[in-house]
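Worksheet: one structure, shown below.
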Amino acid sequence: MATPSLLFWRELRLSRMILRRMLQIVPLLFVISVISFALVKLSPGDPVKMFVTPNMHPEDVERIRRSLGLNLPIYEQYFRWLGQIVHGNLGYSLQNSQPVLGQILQRLPATIGLMGTALAATLIIAIPLGLVAAKYENTWIDRLLNMISYISISIPVFWFGILLIEFFSVKLNWLPSLGMQTIGENSFVDLAQHAILPVTTLTFQGCGAYYRYVRSNTLSEIRKSYVEFGHAKGLSIWKLLWSHILKNVMLPVITLLGMSLPTLISGAYITESVFSWPGLGLLSVDAIFSLDYPIIMAMTLFSGLMLILGNLFADMTYQFVDPRIRK
Amino acid sequence: MTHSKILEIEDLTVSFHTRVGDIQAVRGVDLELYKGETLAIVGESGSGKSVTAKAIMRLLSKKQSSIKQGSILFDGIDLSHASEGQMMNIRGKDIAMIFQDPMTSLNPTLTIERQIIETLRMHQKLTKHEAQKKAVELLEMVGIPQPEIRNKQYPHQFSGGMRQRVVIAIAIACNPKILIADEPTTALDVTIQAKILELLKDLQKKMDTSIIFITHDLGVVANMANRVAVMYAGKIVEIGTVDEIFYNPKHPYTWGLICSMPTLDLKDKELYTIPGSPPDLIHPPKGDAFAPRNPYALSIDTLEQPPMFRISDTHYAATWLLDPKAPKVSPPDEILRRQQIFERLEAGEVVQ
Numbered sequence: 001m002a003t004p005s006l007l008f009w010r011e012l013r014l015s016r017m018i019l020r021r022m023l024q025i026v027p028l029l030f031v032i033s034v035i036s037f038a039l040v041k042l043s044p045g046d047p048v049k050m051f052v053t054p055n056m057h058p059e060d061v062e063r064i065r066r067s068l069g070l071n072l073p074i075y076e077q078y079f080r081w082l083g084q085i086v087h088g089n090l091g092y093s094l095q096n097s098q099p100v101l102g103q104i105l106q107r108l109p110a111t112i113g114l115m116g117t118a119l120a121a122t123l124i125i126a127i128p129l130g131l132v133a134a135k136y137e138n139t140w141i142d143r144l145l146n147m148i149s150y151i152s153i154s155i156p157v158f159w160f161g162i163l164l165i166e167f168f169s170v171k172l173n174w175l176p177s178l179g180m181q182t183i184g185e186n187s188f189v190d191l192a193q194h195a196i197l198p199v200t201t202l203t204f205q206g207c208g209a210y211y212r213y214v215r216s217n218t219l220s221e222i223r224k225s226y227v228e229f230g231h232a233k234g235l236s237i238w239k240l241l242w243s244h245i246l247k248n249v250m251l252p253v254i255t256l257l258g259m260s261l262p263t264l265i266s267g268a269y270i271t272e273s274v275f276s277w278p279g280l281g282l283l284s285v286d287a288i289f290s291l292d293y294p295i296i297m298a299m300t301l302f303s304g305l306m307l308i309l310g311n312l313f314a315d316m317t318y319q320f321v322d323p324r325i326r327k
Numbered sequence: 328m329t330h331s332k333i334l335e336i337e338d339l340t341v342s343f344h345t346r347v348g349d350i351q352a353v354r355g356v357d358l359e360l361y362k363g364e365t366l367a368i369v370g371e372s373g374s375g376k377s378v379t380a381k382a383i384m385r386l387l388s389k390k391q392s393s394i395k396q397g398s399i400l401f402d403g404i405d406l407s408h409a410s411e412g413q414m415m416n417i418r419g420k421d422i423a424m425i426f427q428d429p430m431t432s433l434n435p436t437l438t439i440e441r442q443i444i445e446t447l448r449m450h451q452k453l454t455k456h457e458a459q460k461k462a463v464e465l466l467e468m469v470g471i472p473q474p475e476i477r478n479k480q481y482p483h484q485f486s487g488g489m490r491q492r493v494v495i496a497i498a499i500a501c502n503p504k505i506l507i508a509d510e511p512t513t514a515l516d517v518t519i520q521a522k523i524l525e526l527l528k529d530l531q532k533k534m535d536t537s538i539i540f541i542t543h544d545l546g547v548v549a550n551m552a553n554r555v556a557v558m559y560a561g562k563i564v565e566i567g568t569v570d571e572i573f574y575n576p577k578h579p580y581t582w583g584l585i586c587s588m589p590t591l592d593l594k595d596k597e598l599y600t601i602p603g604s605p606p607d608l609i610h611p612p613k614g615d616a617f618a619p620r621n622p623y624a625l626s627i628d629t630l631e632q633p634p635m636f637r638i639s640d641t642h643y644a645a646t647w648l649l650d651p652k653a654p655k656v657s658p659p660d661e662i663l664r665r666q667q668i669f670e671r672l673e674a675g676e677v678v679q
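Protein chains in written order, with our numbering: chain E, 1 to 327; chain P, 328 to 679.
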């Protein structure tokens, strides 16, 4: 009964929820930053070593250390970093002194393009297969799909990527194995050719989990009595799957989607490394290897923020999809 | 009965496949349904009453069960051998069914309107607008106030009784010739129960639908049915008009059922219960399945299944006690009391 006052309360409740969640972001990010800063600093290795050549004078090394502020106690380093952050400055990379924000923004499109395509492909493939497997429970179709899903979940992603490169790039020479485009080329076809293998890798990896989720949810929905009543109305199983079950199955999938939002932004570290995809994943991996803490910290905060926003997005979507929560 | 037969079930046998063997849930049921009547099927859990109903609708899982023999004749079609396509045309249009739990019969995430329209547009050539109008009419018909508003709502905004009304609205949407009600009031409060039963009776009068009413509640049967079939261990053990079953029962199992009905004048007396439990239907007994629980069992009961003995044109019972050679037994006092009432009924005297 959508009388104006009810609608008003509903919206007020929704906006209060969003506001509350937004306020939670600040303390959460603070905790995340303390922990990840400590972890970076505790990890073995010295970022100054990047700048050191064998015949450099120890005093010069100290000078570099001082100039980067790495001689200070950890807590002081942290507060200096925090001071920058609250002023909206993500700092400068230790490796190339470029602004961190600029580097992230420059690489963002490559990652979003890759991850977005892979996520879309995953949903398009995994959801129908999950429904079909549940419909044909315990038949050979179901068993075959289950077996593939176990492989998808358990196969190491780097190995699968290497297999694809070995087969399609090295043996057949059909597709490029590295990077996002051929130097000098700037066509969509070229980009697509470069994207096929990493997207396939990510999609194959993602499908297993979504498929199993959709299949088991469908199995529990299919046994509910509204489905039996639907049959008694004269509806076919396909019609029921499409217009009744799918929507109910999607509810838990939304949660999974919300949680995958951070990887959509932060990138697939391993896949991007295997295929040298110039995205945020590769940026992070490089930063980790050289203990480039401004980039590591920025990426951690970014992922944390996306996780919180992803969950908020999932909860809000729930409100629209599930009328029981909406009331 | 002067009415015409609308459904004729002959020797229906249904098995469920399990690891340990086939459960013979329905073992040779013969049943006729006449136009406009209400036939109640009563029996305890596992007696095969719901399975019989679902077999008519062919709603039993093909993987887990099969109709071993028999026929279900409806409108010249043997439903037991009908294709899924034929069945989809019959379900919801000619034969509709309502289930026990209204809380779960409706999809929680779709509006009531969509769930009604779906069945209308499946079976009748209606535009969306016409179907929407019809949906409002149907909700009004089953006694839902403010149907235009309620139509747009979701199941969780309805009480249990109101949901069952919606389910009934969906079931009657296409004026079915047969309505199968599988314990439609079991999950509801007693006061709501009575209202739903009134509604069903009312709709039946308006639409001249035949109803198969499945229940374990004899009180409901007395209120609703014209005829009653008593099922035990997958067989019909007694069938007759409601008066014949309630006042002149012949099968010891029916005696037990009637004696175990709680009444107000029971006071401190202990309620009668039928001793023992139903037989294992993976290995059904050779003779009468009820014999081990039957204080009146004869030795032939353990050897051979009794046939249906005719008591009147409408009344049959499967017990060897009706065989001319059987010794005369005296039924429980409650049954004797009821038989006296029956004699007065037969004689045309006004009772109570």
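The beta carbon of each residue, even a glycine, is placed where N, CA and C say it ideally should be.
{"Asked": "Through-space distance from glutamate 137 (chain E) to isoleucine 563 (chain P), alpha-carbon basis", "Found": "35 Å"}
{"Asked": "Short CB-CB distance (under 8 Å) between aspartate 322 (chain E) and chain P", "Found": "yes"}
{"Asked": "Three-pair Cβ contact test at 8 Å for the stretch 437-450 of chain P versus the stretch 506-515 of chain P", "Found": "no"}
{"Asked": "Cutoff 8 Å: lysine 420 (chain P) Cβ touching any chain E Cβ", "Found": "yes"}
{"Asked": "Beta-bridge pairing of glutamate 565 (chain P) - partner residues as DSSP gives them", "Found": "P:Val557, P:Ala644"}
{"Asked": "Short Cβ contact (8 Å threshold) for leucine 94 (chain E) with leucine 264 (chain E)", "Found": "no"}
{"Asked": "Chain E residues whose Cβ lies nearer than 9 Å to that of glutamate 475 (chain P)", "Found": "Those within 9 Å of glutamate 475 (chain P) in chain E number zero; the least Cβ separation is about 11 Å."}
{"Asked": "Rounded straight-line distance, which links the Cα of serine 290 (chain E) to that of isoleucine 64 (chain E)", "Found": "15 Å"}
{"Asked": "Contacts of glutamate 272 (chain E) in chain P (Cβ-Cβ under 7 Å)", "Found": "The contacting residues do not exist; glutamate 272 (chain E) stays about 38 Å from chain P at best."}
{"Asked": "Terminal residues of the beta strand (DSSP E) in which glutamate 359 (chain P) lies", "Found": "348-361"}
{"Asked": "Under 8 Å from the C-beta of asparagine 248 (chain E): neighbouring residues of chain P", "Found": "Asn434, Pro435, Thr436"}
{"Asked": "Minimum Cβ-Cβ distance from serine 220 (chain E) to chain P less than 8 Å", "Found": "no"}
{"Asked": "Classification of glutamine 391 (chain P) by the beta-carbon crowding that lies within 10 angstroms, buried from 16 upward", "Found": "exposed"}
{"Asked": "Which of helix, strand or coil DSSP assigns to glycine 45 (chain E)", "Found": "coil"}
{"Asked": "Helix, strand or coil at glutamate 375 (chain E) according to DSSP, with G and I counted as helix", "Found": "Within the shown structure, residues of chain E are numbered from 1 to 327, placing residue 375 (chain E) beyond reach of any answer."}
{"Asked": "Assigned secondary structure, methionine 56 (chain E) (DSSP; H/G/I helix, E/B strand, else coil)", "Found": "coil"}
{"Asked": "Backbone secondary structure at isoleucine 183 (chain E) - three-state DSSP", "Found": "coil"}
{"Asked": "Pick from E:Leu68, E:Trp81, E:Tyr269 that is closest to lysine 49 (chain E), judged by C-alpha positions", "Found": "E:Leu68"}
{"Asked": "Boundaries (first-last residue) of the alpha helix (DSSP H) holding isoleucine 412 (chain P)", "Found": "Note that residue 412 (chain P) is glycine in the sequence shown, not isoleucine. Looking at the DSSP string, the run of the alpha helix (DSSP H) that includes glycine 412 (chain P) is 411-417."}
{"Asked": "Minimum Cβ-Cβ distance from alanine 380 (chain P) to chain E less than 8 Å", "Found": "no"}
{"Asked": "Three-state secondary structure (DSSP) of methionine 306 (chain E)", "Found": "helix"}
{"Asked": "Start-to-end residues for the beta strand (DSSP E) that takes in valine 341 (chain P)", "Found": "332-345"}
{"Asked": "Where threonine 345 (chain P) falls, given that 16 or more other Cβ within 10 Å makes a residue buried", "Found": "exposed"}
{"Asked": "Within 7 Å of chain P by C-beta, residues of the stretch 228-260 of chain E in sequence order", "Found": "Glu228, Phe229, His231, Ala232, Lys233, Gly234, Leu235, Ser236, His244, Lys247, Asn248"}
{"Asked": "Under 8 Å by beta carbon: chain E residues contacting asparagine 416 (chain P)", "Found": "Gly234"}
{"Asked": "Cutoff 8 Å: threonine 431 (chain P) Cβ touching any chain E Cβ", "Found": "yes"}
{"Asked": "Residue burial classification, asparagine 553 (chain P) (beta-carbon count within 10 angstroms, cutoff 16)", "Found": "buried"}
{"Asked": "Three-state secondary structure (DSSP) of lysine 171 (chain E)", "Found": "helix"}
{"Asked": "Beta-ladder partner(s) of methionine 424 (chain P), from DSSP", "Found": "P:Ile507"}
{"Asked": "Same chain, Cβ closer than 7 Å to glutamine 98 (chain E), neighbours up to 5 away in sequence not counted", "Found": "Tyr92"}
{"Asked": "Span of the beta strand (DSSP E), counted from its first residue to its last, around glycine 397 (chain P)", "Found": "392-401"}
{"Asked": "Inter-residue Cα distance where the pair is glycine 113 (chain E) and valine 199 (chain E)", "Found": "10 Å"}
{"Asked": "Proximity below 8 Å, CB of glycine 281 (chain E) to CB of threonine 111 (chain E)", "Found": "yes"}
{"Asked": "Beta-carbon proximity list for valine 337 (chain E), same chain, < 7 Å, skipping 5 on both sides", "Found": "In this structure chain E extends from 1 to 327, so residue 337 (chain E) is not present and cannot be described."}
{"Asked": "DSSP-derived helix/strand/coil call for threonine 122 (chain E)", "Found": "helix"}
{"Asked": "Test: tyrosine 136 (chain E) CB closer than 8 Å to a CB of chain P", "Found": "no"}
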